[in-house]
Amino acid sequence: MCGIVSYIGPKDPIPILLKGLRRLEYRGYDSAGIALLNEKELQCTKKSGKVSVLDSLIDDSTMNGYCGIAHTRWATHGPPNDINAHPHLDQSNRIALVHNGIIENHDTIKEVLKSRGVSFTSQTDSEVIVQLISELYYNNDNENLTFEDAVRAALQEVVGAYGVVVICKDEPGKIIAARMGSPLVLGVGEGEFLIASDASPIVEHTRNVIYLDDNELVSIKDKKFSISKIDSKTIVNKTLTKIDLTIEEIEKGEFPHFMLKEIYDQKHSISDTMRGRFNLDDGTTQLGGIADYFPNILSASKIYITACGTSWHAGLIGKHLIEEYSRVPVHVEYASEFRYRNAIIDSTTIIIAISQSGETADTLAAIRKAKELGALTLGICNVVGSTISRETDAGIFTHTGPEIGVASTKAFTAQLTILIMLALKLGRKRGLSRGKGKEIIRALRHIDQDVISILQIFDEVKIVAKKTFEAENFLYLGRGINYPVALEGALKLKEISYIHAEGYPAAEMKHGPIALIDNKMPVVFIAPQDESFSKILANIQEVKSRNGIVITITDKINNSLRSLSDFILIIPKTHKHVFPITSSIVLQMLAYQLAVFRGCDIDQPRNLAKSVTVE
145 MCGIVSYIGP
155 KDPIPILLKG
165 LRRLEYRGYD
175 SAGIALLNEK
185 ELQCTKKSGK
195 VSVLDSLIDD
205 STMNGYCGIA
215 HTRWATHGPP
225 NDINAHPHLD
235 QSNRIALVHN
245 GIIENHDTIK
255 EVLKSRGVSF
265 TSQTDSEVIV
275 QLISELYYNN
285 DNENLTFEDA
295 VRAALQEVVG
305 AYGVVVICKD
315 EPGKIIAARM
325 GSPLVLGVGE
335 GEFLIASDAS
345 PIVEHTRNVI
355 YLDDNELVSI
365 KDKKFSISKI
375 DSKTIVNKTL
385 TKIDLTIEEI
395 EKGEFPHFML
405 KEIYDQKHSI
415 SDTMRGRFNL
425 DDGTTQLGGI
435 ADYFPNILSA
445 SKIYITACGT
455 SWHAGLIGKH
465 LIEEYSRVPV
475 HVEYASEFRY
485 RNAIIDSTTI
495 IIAISQSGET
505 ADTLAAIRKA
515 KELGALTLGI
525 CNVVGSTISR
535 ETDAGIFTHT
545 GPEIGVASTK
555 AFTAQLTILI
565 MLALKLGRKR
575 GLSRGKGKEI
585 IRALRHIDQD
595 VISILQIFDE
605 VKIVAKKTFE
615 AENFLYLGRG
625 INYPVALEGA
635 LKLKEISYIH
645 AEGYPAAEMK
655 HGPIALIDNK
665 MPVVFIAPQD
675 ESFSKILANI
685 QEVKSRNGIV
695 ITITDKINNS
705 LRSLSDFILI
715 IPKTHKHVFP
725 ITSSIVLQML
735 AYQLAVFRGC
745 DIDQPRNLAK
755 SVTVE
């Protein structure tokens with residue numbers, strides 16, 4: 145969850161580290177800090193609050209150095225305050241460390257170190273690592289360890305997940321980083337090196353990167369680096385990867401918020417996901433990343449889709465599509481629950497893991513469990529080089545570009561697009577007619593124009609938001625494939641506006657939620673003119689008879705809708721299985737405008753982080 149960036153090279157590290165933190169702030173923004181090494185001392189400045197607070201402190205300081213480490217925190221152990229902020233120093237103030245992850249046995253190690261006279265200053269699990277390294281390096285009676293060996297030894301004592309970067313006053317010009325469960329990327333430039341949680345702080349300086357794998361340690365000194373196994377010291381030879389990322393993609397330009405930019409990005413991001421993957425003549429799709437595994441999928445006894453949050457909602461829609469088109473049974477599981485139950489998995493099972501970042505800890509753990517049990521694992525993710533993309537047997541990239549806003553928008557619609565294409569491919573192999581395949585493809589190929597039309601109703605959405613932003617609760621209702629759309633709409637609202645919201649199957653409203661409806665309760669209906677429309681209309685009547693505020697999202701208005709709805713948002717007519725994409729964009733717009741009227745921090749909502757890399 146936290147963001148890490150480090151630099152060693154000929155340039156002033158401070159502006160590089162601060163800019164890197166700003167680009168990583170979506171990973172956590174409870175506190176931030178920097179530690180620098182120069183010829184004389186190890187300096188450290190850290191502060192609770194966002195990176196901007198740290199930036200103002202650095203401006204007034206006399207910090208300087210030739211290499212440094214920096215961190216932006218999402219709090220797990222210990223509240224957000226100055227003391228718990230990273231970097232953490234050992235008790236001698238000679239070693240500094242930044243950490244992303246959770247150390248599960250920190251209490252045990254802490255007690256042992258305290259019995260040896262080690263003093264702790266913070267409530268974090270992370271401080272245990274730096275104090276343990278220090279004890280092994282400076283106070284080891286049994287053997288004289290090098291600094292690197294002390295880091296290795298300490299990391300073999302801890303249990304849990306970590307991405308760490310360490311510097312030492314007595315090892316000038318050296319940076320050590322290691323990974324176990326939390327992502328780290330090494331950027332290799334001309335006489336300079338960066339290490340970060342993802343590539344966004346690196347791309348301005350070099351496009352040549354190496355993605356560290358679990359149980360790997362990188363040591364940098366004298367303009368050289370070496371990668372080895374943490375436990376065995378075995379040298380690992382890894383090739384450079386050239387990252388395809390632009391500065392423009394990771395900046396918000398003229399938009400006030402990343403979320404708004406990413407909502408507008410959907411004018412082209414969905415098409416980017418589809419590019420080169422259609423065969424219109426045959427009414428099918430081409431998904432090269434998993435092409436060799438279609439026989440396995442079609443002969444599978446069952447498919448599990450596993451994911452978290454918004455990606456889980458995408459999985460629910462994927463289940464509907466795959467089962468309808470291919471008749472293969474699909475189960476959708478929260479990754480956080482899937483790994484802890486005795487699911488029925490064997491060599492005939494397919495696991496499809498969905499993750500925007502490709503680093504979600506619970507999803508990664510679910511993949512590893514499934515592989516141990518013999519399942520074939522497939523990934524759908526956005527970030528090339530991510531851990532999930534490397535550890536699954538095969539996968540499909542969404543190619544939607546960086547998503548910085550914490551609340552997912554374009555990543556979700558890209559995931560839906562991939563799932564439609566996957567279901568279509570499987571369906572065509574299972575007897576779905578060419579004509580029906582062409583219908584779906586035509587709808588998808590028209591989606592850019594549909595999105596442009598949807599964005600043109602932003603003012604109408606703004607009116608709805610202005611009339612309802614003071615509500616304390618929202619209810620979102622949909623049927624069939626649009627029930628998960630309701631879930632996603634409610635989640636978006638909760639994430640960025642802090643309004644309590646629930647998504648429900650429309651027919652289930654009568655089994656409890658209807659008790660909540662009064663003249664202060666907005667109820668959002670996802671109501672396309674499909675085979676379920678008459679049933680949705682009856683549900684709208686039930687809400688209206690109890691004085692609820694009805695907000696209807698539909699693709700065709702009629703007199704009944706007009707008379708029953710307080711607000712109607714009309715979107716272009718499309719294929720019923722593409723409608724979840726277009727209707728979701730309206731719900732993103734509504735959540736955004738409600739958050740604006742409520743004065744919320746849209747890109748950095750409280751208590752959240754973009755990439756959940758801890759369990």
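Quick note, in the working numbering, the sequence shown goes up one by one and the last residue is 759.
C-beta: ideal position from N, C-alpha, C; glycine also.
Considering Cα atoms alone, identify which of the options is closest to residue i.
{"i": "A504", "options": "I496, I489, D436, A479", "result": "Here the sequence assigns Thr to residue 504, which means Ala is not the residue at that position. Cα-wise, what sits closest to T504 is A479."}
{"i": "A509", "options": "S326, T216, Q559", "result": "S326"}
{"i": "E169", "options": "I601, C188, L198, P154", "result": "L198"}
{"i": "R171", "options": "L161, I319, G147", "result": "G147"}
{"i": "T536", "options": "V262, G433, N237", "result": "G433"}
{"i": "G518", "options": "R534, I489, S533, G545", "result": "I489"}
{"i": "R485", "options": "I466, V528, K513", "result": "K513"}
{"i": "E547", "options": "L181, L681, P473, E406", "result": "E406"}
{"i": "D710", "options": "I640, K664, R167, T726", "result": "K664"}
{"i": "E652", "options": "D269, N683, D674", "result": "N683"}
{"i": "A322", "options": "V149, G656, Y448, L560", "result": "V149"}
{"i": "V106", "options": "N286, D285, V309", "result": "Past the boundaries of the shown model lies residue 106; the chain is included only from 145 to 759, so the question cannot be answered."}
{"i": "K254", "options": "L752, R351, V303, I227", "result": "V303"}
{"i": "D251", "options": "Q500, L241, D269, N237", "result": "D269"}
{"i": "T561", "options": "T542, T553, K573, G549", "result": "T542"}
Can you look up residue i in the DSSP assignment and give me helix, strand or coil?
{"i": "M324", "result": "strand"}
{"i": "P786", "result": "Here the chain comprises residues numbered 145 to 759, so residue 786 is not present and cannot be evaluated."}
{"i": "S196", "result": "helix"}
{"i": "G331", "result": "strand"}
{"i": "H457", "result": "helix"}
{"i": "K554", "result": "helix"}
{"i": "L165", "result": "helix"}
{"i": "E481", "result": "helix"}
{"i": "E604", "result": "helix"}
{"i": "I414", "result": "helix"}
{"i": "E395", "result": "coil"}
{"i": "L280", "result": "helix"}
{"i": "K700", "result": "coil"}
{"i": "F422", "result": "strand"}
{"i": "G545", "result": "coil"}
{"i": "G743", "result": "coil"}
{"i": "I273", "result": "helix"}
{"i": "E287", "result": "coil"}
{"i": "H475", "result": "strand"}
{"i": "Y173", "result": "coil"}
{"i": "I488", "result": "coil"}
{"i": "T428", "result": "strand"}
Please classify residue i: is it buried, with 16 or more other beta-carbons within 10 angstroms of its beta-carbon, or exposed?
{"i": "Q300", "result": "exposed"}
{"i": "N702", "result": "exposed"}
{"i": "Q267", "result": "exposed"}
{"i": "H644", "result": "exposed"}
{"i": "P632", "result": "Checking the sequence, you will find Glu at residue 632 rather than Pro. Buried, by the Cβ-count rule."}
{"i": "K194", "result": "buried"}
{"i": "D234", "result": "buried"}
{"i": "P439", "result": "exposed"}
{"i": "A444", "result": "buried"}
{"i": "P400", "result": "exposed"}
Compute the beta-carbon to beta-carbon distance between residue i and residue j, rounded to the nearest angstrom, for a pair I have assumed lies under 8 Å.
{"i": "I379", "j": "L361", "result": "With a Cβ gap of about 11 Å, I379 and L361 do not count as contacting."}
{"i": "L713", "j": "I697", "result": "5 Å"}
{"i": "P231", "j": "H215", "result": "6 Å"}
{"i": "D747", "j": "F402", "result": "5 Å"}
{"i": "V476", "j": "K463", "result": "5 Å"}
{"i": "H243", "j": "I273", "result": "6 Å"}
{"i": "V474", "j": "I449", "result": "6 Å"}
Across which residues does DSSP place residue i in a beta bridge pair?
{"i": "G304", "result": "I247"}
{"i": "H644", "result": "N617"}
{"i": "Q187", "result": "L180"}
{"i": "Y354", "result": "Contrary to the premise, residue 354 reads as Ile rather than Tyr in this sequence. I354 is bridged to L330."}
{"i": "A538", "result": "L522"}
{"i": "T220", "result": "DSSP, once it has assigned bridges, lists no residue as partnering T220."}
{"i": "Y151", "result": "G212, L338"}
{"i": "I695", "result": "V668, F711"}
{"i": "L233", "result": "A240"}
{"i": "A451", "result": "Y478"}
{"i": "G581", "result": "Beta-bridge pairing links G581 to no other residue."}
Using beta carbons (cut-off 8 Å, strictly below), is residue i in contact with chain C?
{"i": "L181", "result": "Protein chains in the displayed structure number just one, and chain C is not present."}
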